[in-house]
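Taken in sequence, the protein lines are chains A and B. Per the numbering used here, the first sequence starts with residue 945, numbered consecutively. Per the numbering used here, the second sequence starts with residue 945, numbered consecutively. No residue lacks a Cβ here, since even glycine has one placed at the ideal position from N, Cα and C. In what follows, a structure is listed as structure tokens, so that the remarks can point back to it.
Protein chains: 2
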Amino acid sequence: MIKPRTPPGVMELLPRDQIAFQRMLDTIRRNYERFGFLPVETPVFELSEVLLTKSGGETERQVYFAQSTGALEKGNDGLPELALRFDLTVPLARYVAEHEHELAFPFRRYQIQRVYRGERAQRGRFREFYQCDIDVVGKDALSIRFDAEILAVIHAVFSELGIGDFTIQLNNRKLMRGFFEGLGIADGSRQMDVLREVDKLDKRGADLVRDTLTGEGFGLSAETVGRILDFVAVRSIGHQDALAQLQRLGQGSDTFNQGIAELREVLELVHALGVPESDYCLNLSIARGLDYYTGTVYETQLDGYQQIGSICSGGRYDDLASHYSKSKLPGVGISIGLTRLFWQLREAGLIAGADESSVQAMVALMEDNQLTESLDIARKLRAGGINTEVQMEPKKLGKQFQYASRAGIRFVVLAGEDELKRGVVTVKDLAREQQFETTRDQLASTLRVELEQTRALAGR
Amino acid sequence: MIKPRTPPGVMELLPRDQIAFQRMLDTIRRNYERFGFLPVETPVFELSEVLLTKSGGETERQVYFAQSTGALEKGNDGLPELALRFDLTVPLARYVAEHEHELAFPFRRYQIQRVYRGERAQRGRFREFYQCDIDVVGKDALSIRFDAEILAVIHAVFSELGIGDFTIQLNNRKLMRGFFEGLGIADGSRQMDVLREVDKLDKRGADLVRDTLTGEGFGLSAETVGRILDFVAVRSIGHQDALAQLQRLGQGSDTFNQGIAELREVLELVHALGVPESDYCLNLSIARGLDYYTGTVYETQLDGYQQIGSICSGGRYDDLASHYSKSKLPGVGISIGLTRLFWQLREAGLIAGADESSVQAMVALMEDNQLTESLDIARKLRAGGINTEVQMEPKKLGKQFQYASRAGIRFVVLAGEDELKRGVVTVKDLAREQQFETTRDQLASTLRVELEQTRALAGR
């Protein structure tokens, strides 16, 4: 006998949690599609040679390789032929470069699939997790306007997910770069080192950070450090304030000014797209770790749950597929790491398993000889769009109710001898704790109306 | 520069094909949920020790193993720790055994995920492919009634997929076993050998098959072979005929009689579930390769496309998880291999990419200064449930129409200066080749009605 268990670092859910998770995936997909993004799916494995274009480094160490039994027996000197994707960006780059002449640009795609990283096993760290990505990829150029559209998509997704108030925070790498260059810190990796120190403000306090930056390693003047701390402290409250804060930054190098102009245009369009001004702001401390981004950068915070960190991040990049194509393919995109987010929301008590099952009705069975009647009722319910389970064998009615209640099935439909004679069915609504009678033919439409009403009341 | 390409043996689709594929997945899932099946997803990899309980054999040779860079460097003597799932049945067995005390039985689950097999590269063979499975798993026992429900689900799925007429073919392993035992062929593997010969009837003709079975290897009498060929030739046309054919088989051993009784009950319930009698039949030649099945077995044929083979198969098994649990867990289930099916349907010219995109409307942009108006129109469309793309930069109108037409976007919404003054928008319906005006506020509901009408006309 082998002990049934999953490998460490994966998230596997019981059905009610899976239903809740699936609803989140569906909401994300629905909103991505609502904004005109097209679906793409790529294979879980890519050729190692294609996937691992950037040599070495942290990322490569975390890659999973795949080998069939045959390949394993043969052995090999170099890397195995296949590797599992560790994000959806590299597969997108490969896809766009491979199909460049068959795609229309700007190419809006969404991709919702699992990715794999050989992380050290640790609570809340996953080796397999969902990413839900959108990107708009242009050929040669891509209007800054898409940076605003991406923000509107994030807003639509998290509004409909209904996991609480959130704020989409904006910054621009050109603005940051211009700012640091103006201070004489021209080297990109040095800028990142400084930002990494600044990032410790909350943990270490302003004094310690100031000491470090003016100390030996960095050797910045007190005045420079003061300007940096002022800069990264910039936060806006509301639309007009965001524009005013940008104004207050004044003028700088071309890069600096371009960053300001881009942020202003994104803010104006986000406003025109109807995103409420309480839900976005400037946050000039946001850098995004990767050197990858070159313009707009986004992070999204759940208000009041800063410990969760950013729940949706991304930005603008200059060239998606330089390893695969000579074409210049600039783009902008974001990613939601849903497995981790789901886990965190559950830890924070913000979500539980689905209140209501995907099964909406259960047809109870009291007497064995009523089965064909039950099946007929179920057939009508299903034809009317109601997800329906039939009790295939008679059990005590109490047990059947208990089952439905535990499973989160809202409606229990009964057709005992009395009801059959009178040509009706009895419906117990476990959510409203009500009971009513209706005819078999009107049953499905009646339940549909009830479900619609609940949905409307919940604002879904 | 690295040539962007996928590994051999995977199916990657361009967006319009992906939309068509996604619609099929959605239809399958919707019908699985309609019948009260609950969603389960399992990790792509399982512990090798857990996954590969059956030692050796064809299946194990085709397994992919996964190793992180660290594990690869360390090397190992035995098998790598992780292996990719090669079907959804073994993960289901592990899942049910692992969560036995948290699940309610009978447990109805659906699972739609990709599986992996190290097949030899060959046209139409895939190393990564979708399986769309449903199973009902009981504890200790499971009513034969579920065998009928499974058939009703298959019927609902393929009716709604709309890929052509189909027939769900039924047999029962008990009936077969009883029949062969009655002929003195008691050994299961010998029965399979005989059936494998019989399977060549179409290719080799009755005479050659008869020669083989009466020849040295098998040594069956001419009379026995005659009875076998008569038995496997049984096909029914319509419900009454199916029952009559069963009647005509007469009586035999207990096993034989039980097989007949089970088939009869399944047929009666399928009828009660409203499945049209033209869509199911008896086919006593169906065995399903695996020794796994013990009762009802199903295969589904697309009428007129026998070369495609069975598009949905499965059956009843006695014990799902004997490797993982002492509990007896009998079940019944089926699987649709959607990747292969999609590929075959495309090869046979039965499906093309989606006629209509998932994007339903495009807001055109003629003048740069009308962008905020466009964004407002798009916002209203999206709020009204219409998937909408906005042209973010003005282009020649002809180009914008060409793009929408090629992309399969049905409605192009125009709001030029004239329309803006009059507070209306012009809609070009590319499907009906019509044009009409409406107000901005009524736009979404107007398009919704149009889409509903089309859907109703198409019977979807």
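- Relative to the C-alpha of ILE1252 (chain B), which residue among B:ARG1260, B:GLU1243, B:GLY1259, B:GLY1258 is closest? B:GLU1243
- Message: DSSP three-state label for GLN1072 (chain B), please.
- Response: One detail in the question is off: residue 1072 (chain B) reads as Glu in this sequence, not Gln. Reduced to three states, the DSSP call for GLU1072 (chain B) is strand.
- Query: Based on the DSSP secondary-structure assignment, which residues constitute the bridge partners of PHE1009 (chain A)?
  - Reply: A:ALA1027, B:GLN1011, per the DSSP bridge assignment.
- Query: Where does TYR1347 (chain B) fall in DSSP's three states?
  - Reply: helix
- Task: Take the Cβ of SER1165 (chain A) as the centre, count every other Cβ of all protein chains shown within 10 Å, and call the residue buried at 16 or more, exposed below.
- Result: Counting Cβ neighbours within 10 Å, SER1165 (chain A) comes out exposed, since fewer than 16 surround it.
- On the premise that ALA1100 (chain B) lies in contact with ARG967 (chain B), defined as a C-beta separation below 8 Å, what is that separation, rounded to the nearest angstrom? In fact, because the Cβ distance is near 16 Å, the residues do not count as touching under 8 Å.
- Query: Can you tell which of B:SER1279, B:SER1302, B:THR986, B:LEU1309 has the C-alpha that lies nearest to the C-alpha of ASN1331 (chain B)?
  - Reply: Of all alpha-carbon atoms in B:SER1279, B:SER1302, B:THR986, B:LEU1309, the one lying nearest the alpha-carbon of ASN1331 (chain B) is that of B:SER1302.
- Query: What residue range is occupied by the uninterrupted beta strand (DSSP E) comprising ALA1359 (chain A)?
  - Reply: It is not in any beta strand (DSSP E) - ALA1359 (chain A) carries neither H nor E in the DSSP assignment.
- Pick helix, strand or coil for THR1283 (chain B), following the three-state DSSP scheme. The three-state secondary structure of THR1283 (chain B), taken from DSSP, is helix.
- Query: What are the boundary residues of the beta strand (DSSP E) that ARG1053 (chain B) is part of?
  - Reply: Where ARG1053 (chain B) is concerned, the enclosing beta strand (DSSP E) starts and stops at 1051-1060.
- Message: Just to check my reading of the structure: GLN1076 (chain B) and ILE1295 (chain B) have Cβ atoms closer than 8 Å, yes? What is that Cβ distance to the nearest angstrom?
- Response: A small correction: the amino acid at residue 1076 (chain B) is Cys; Gln does not occupy that position in the sequence shown. Wrong, their Cβ atoms sit about 16 Å apart, outside the cutoff.
- Task: Could you pull out every residue in the same chain whose Cβ sits closer than 8 Å to the Cβ of THR950 (chain A), ignoring the five residues on either side in sequence?
- Result: Excluding residues within five positions, the ones whose Cβ falls inside 8 Å are GLU956.
- Beta-carbon separation of PHE1030 (chain A) and ARG1061 (chain A) under 8 Å? yes
- Task: Identify every residue that forms a DSSP beta bridge with ILE1078 (chain A).
- Result: A:TYR1054, A:ILE1278
- How is the beta strand (DSSP E) around GLN1113 (chain B) delimited, first residue to last? Start and end: 1110-1116.
- Query: Since TYR1224 (chain A) meets chain B, which of its residues come closer than 8 Å, beta carbon to beta carbon?
  - Reply: Within 8 Å Cβ-Cβ: nothing; TYR1224 (chain A) doesn't reach chain B, min ~15 Å.
- Which same chain residues, not among the five before or five after ARG1284 (chain A), have their C-beta less than 8 Å away from its C-beta? Taken in chain order, the residues that qualify are GLY1068, PHE1070, PHE1073.
- Is the Cβ of THR1398 (chain B) closer than 8 Å to any Cβ of chain A? no
- Task: Report the rounded CA-to-CA distance for THR1111 (chain A) versus ASP1155 (chain A), giving the unit in angstroms.
- Result: 31 Å
- Query: Is any heavy atom in the ligand NAP found nearer than 7 Å to the beta carbon of GLY1128 (chain B)?
  - Reply: Of ligands this structure carries none, so the ligand NAP is not represented either.
- Is the Cβ-Cβ distance between ARG990 (chain A) and ARG1038 (chain A) less than 8 Å? According to the sequence shown, residue 990 (chain A) is Glu rather than Arg. With respect to ARG1038 (chain A), GLU990 (chain A) sits close: the two C-beta atoms are nearer than 8 Å.
- Query: Taking the alpha-carbon positions, what's the ASP1325 (chain A) to ALA1322 (chain B) distance?
  - Reply: Checking the sequence, you will find Leu at residue 1325 (chain A) rather than Asp. The alpha-carbon atoms of LEU1325 (chain A) and ALA1322 (chain B) are separated by roughly 36 Å.
- Message: Quick check on PHE1124 (chain B): does DSSP put it in helix, strand or coil?
- Response: Residue state for PHE1124 (chain B) is assigned as helix, using DSSP reduced to three classes.
- Element boundaries [beta strand (DSSP E), containing MET1306 (chain B)]: 1305-1307
- Item | Residues of its chain near VAL1368 (chain A), where Cβ-Cβ distance is below 6 Å and the 5 sequence neighbours each way are ignored | GLU1381, THR1383
- Task: Would you tell me roughly how many angstroms separate the C-alpha atoms of VAL1169 (chain B) and PRO1220 (chain B), rounded to the nearest one?
- Result: 35 Å
- Message: I believe PHE1009 (chain B) touches GLN1006 (chain A) by the beta-carbon criterion, under 8 Å. Please report the beta-carbon distance rounded to the nearest angstrom.
- Response: Incorrect: roughly 17 Å between the Cβ atoms, too far for contact.
- Query: Any C-beta of chain E sitting closer than 8 Å to the C-beta of GLN966 (chain B)?
  - Reply: Absent from the structure is chain E; the protein chains it does hold are A and B.
- Message: From the DSSP secondary-structure annotation, give me the bridge partner or partners of CYS1225 (chain B).
- Response: Its beta-bridge partners are B:GLN1113.
- Message: Going by C-alpha to C-alpha distance, which of A:GLY1360, A:PRO1035, A:GLN1346 sits closest to ARG1354 (chain A)?
- Response: Ranking A:GLY1360, A:PRO1035, A:GLN1346 by Cα distance to ARG1354 (chain A) puts A:GLN1346 first.
- On the DSSP bridge assignment, give the partners of GLY1411 (chain A) in chain order. Here chain A comprises residues numbered 945 to 1404, so residue 1411 (chain A) is not present and cannot be evaluated.
- Item | Nearest candidate by alpha-carbon position, reference ALA1015 (chain A), set B:GLU1160, B:GLN1245, B:ARG1064 | B:ARG1064
- List the residues of chain B that LEU1139 (chain A) touches, going by C-beta distances under 7 Å, in chain order. Residues of chain B passing the Cβ test: none, with the nearest at roughly 29 Å.
- Taking the C-alpha atoms as reference points, what is the distance between HIS1045 (chain A) and SER1271 (chain A)? 11 Å
- Message: As a quick exercise: from A:GLN1113, A:LEU1213, A:ASP1143, A:GLY1258, pick the residue whose alpha carbon is nearest that of SER1180 (chain A).
- Response: A:GLN1113
- Among A:LEU1364, A:VAL1357, A:GLY1194, which has the Cα closest to the Cα of VAL1307 (chain A)? A:VAL1357
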